Amino acid sequence: MKLKGRTALVTGGSRGIGRAIALALAEEGADVAVNYVASEPAAQDVAQNIGKMGRRAILARADVSDYPDTFRMAQDVLREFGHLDILVNNAGINSDKTFVKMDHASWRKVLSINLDGVFNCTKVFIDQMIAQGYGRVVNITSVIGQIGNFGQANYAASKAGVAAFTKSLAKELAGKGITVNAVAPGFVETEMLAAIPDKVRNKLLEQIPLKRFGTAEEVARAVVYMVSADGDYITGAEVSINGGLLM
Ligand code: NAP
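Taken in order, the sequence shown gives residues 24 to 270; the numbers are from my numbering.
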């Protein structure tokens with residue numbers, strides 16, 4: 024087990040990619056705090072599965088876009104676990120519209136969860152990681168932040184912002200035992216992708232050299248690699264998991 028004795032928090036750990044990451048970290052021996060904002064039964068299910076593996080799981084409800092709520096969550100997690108080693112900033116949403124139709128509220132909502140949320144959750148744990156001289160932060164970005172997309176100006180901007188944040192923090196924290204990396208999935212089979220009409224899905228598949236969408240588990244394995252000792256020499260990276268969509 025590569026993460027025995029480690030503690031982790033996964034934002035948006037109740038569903039999709041975050042759920043797979045939470046379970047994969049626990050499989051490698053980590054105790055995991057499962058963050059969610061609305062899906063309590065789904066988060067409980069993840070926590071139960073982690074419990075069955077013999078690991079500790081705690082539910083950590085907070086809206087990542089709300090700084091005071093996130094601060095309160097961090098205090099609860101630190102009280103329960105004593106310390107935090109691994110932070111995975113995964114929570115994210117999309118709200119797609121062409122720019123002409125995109126209103127300010129939709130822009131702010133996506134930026135506040137996808138970008139401000141990463142600031143908030145990192146901010147509330149970083150002093151403790153610095154004090155312990157160890158930390159692993161992984162931010163989930165997206166191929167859309169790398170190439171842009173029709174109807175996703177808000178989402179693309181948020182993810183490109185997280186990628187730049189990742190590199191800046193990696194430089195600032197490298198001397199303190201903390202690595203900061205990003206994983207940039209392409210199109211992955213989750214509820215987020217299920218919302219896309221079949222016609223568009225088929226067009227997307229044509230553009231993916233591996234001719235299939237990714238799985239949440241494939242993204243989770245990359246996160247485990249980066250936060251375990253295998254990834255100790257990696258910082259400031261944005262690892263693409265996209266079936267060859269961008270090369
Ligand atoms: P998903 O299935 O829609 O799950 C989203 C997760 O984020 C849920 O756990 C949700 O919690 C949580 N969340 C949403 N708003 C939140 C908030 N304000 N505070 C705390 N948690 C919040 O999405 P997914 O496809 O797994 O995506 C996960 C991450 O991967 C996102 O950052 C997404 O942008 C990125 N990504 C996804 C794909 C893809 O194709 N699926 C591709 C590239 C990148 P509740 O369950 O409580 O609502």
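Positions of the beta carbon are idealized from the N, C-alpha and C atoms, including for glycine. Quick caveat, the model's predicted, so the values are computed rather than measured.
Check: Starting from Leu26 and walking both ways along the alpha helix (DSSP H), at which residues does that stretch end?; Outcome: No alpha helix (DSSP H) contains Leu26, which DSSP labels as neither H nor E.
Check: Could you check the C-alpha separation between Leu192 and Met152 for me, to the nearest Å?; Outcome: 13 Å
Check: Which residue or residues does DSSP assign as beta-bridge partners of Arg159?; Outcome: Ile109 and Thr202
Check: Going by C-alpha to C-alpha distance, which of Thr34, Val87 and Ala47 sits closest to Lys27?; Outcome: Ala47
Check: Does the Cβ-Cβ distance between Ala207 and Gln175 come in under 8 Å?; Outcome: no
Check: Take Val211 and list the residues in its own chain whose beta-carbon comes closer than 7 Å to its own, dropping the five residues that flank it on each side.; Outcome: Ile40, Phe236, Gly237, Thr238, Ala239 and Val242
Check: In chain order, what residues of the same chain lie with their CB nearer than 8 Å to the CB of Arg84, ignoring the 5 residues before and after it?; Outcome: Asn58, Tyr59, Val60, Glu63, Ala66 and Met96
Check: Can you list, in chain order, the residues of its chain with a C-beta nearer than 6 Å to that of Thr189? Leave out the 5 residues immediately preceding and following it.; Outcome: Asn162, Val203 and Ala205
Check: Buried or exposed: which applies to Asp255, given that a residue is buried once 16 or more other Cβ atoms fall within 10 Å of its Cβ?; Outcome: exposed
Check: Kindly indicate which three-state DSSP category Ile149 falls into: helix, strand or coil?; Outcome: helix
Check: Using the C-alpha atoms, what's the distance from Leu110 back to Gly20?; Outcome: The shown model of the chain, from 24 to 270, leaves out residue 20, and the question about it has no answer.
Check: Measure how close the beta-carbons of Ser251 and Asn177 come, nearest whole angstrom, since I'm counting them as under 8 Å.; Outcome: Between Asn177 and Ser251 the Cβ distance is about 33 Å, and since that is not below 8 Å, they are no contact.
Check: Is it buried or exposed for Asp54, if we count other Cβ within 10 angstroms and need 16 for buried?; Outcome: buried
Check: Where does Ala61 fall in DSSP's three states?; Outcome: coil
Check: Does at least one heavy atom of the ligand NAP sit under 7 Å from the Cβ of Tyr59?; Outcome: yes
Check: Report whether the distance from the Cβ of Val211 to the nearest heavy atom of the ligand NAD is below 7 Å.; Outcome: In the structure shown, the ligand NAD is absent; the only ligands present are the ligand NAP.
Check: Write down every uninterrupted run of the alpha helix (DSSP H) in the segment 117-146 whose length is 4 residues or greater and which is fully enclosed by it, in chain order.; Outcome: 127-134
Check: With burial defined as no fewer than 16 other Cβ atoms inside 10 Å of the residue's Cβ, what is the status of Gly77: buried or exposed?; Outcome: exposed
Check: Using a Cβ-Cβ cutoff of less than 6 Å, which residues in the same chain neighbour Gly200 once the five nearest sequence positions on both sides are dropped?; Outcome: Gly156 and Tyr157
Check: Terminal residues of the continuous beta strand (DSSP E) containing Ile81?; Outcome: Ala80 to Arg84
Check: Between which two residues does the beta strand (DSSP E) containing Ser263 stretch?; Outcome: Glu261 to Ile264
Check: Residues bridged to Gly237 by DSSP?; Outcome: Val211
Check: Which word fits Met24, buried or exposed, when buried means at least 16 other C-beta atoms lie within 10 angstroms of its C-beta?; Outcome: exposed
Check: Using only the heavy atoms of the ligand NAP, determine whether one of them is closer than 7 Å to the beta carbon of Leu216.; Outcome: yes
Check: Between Ile44 and Val87, what straight-line distance do the alpha-carbon atoms span, to the nearest angstrom?; Outcome: 18 Å
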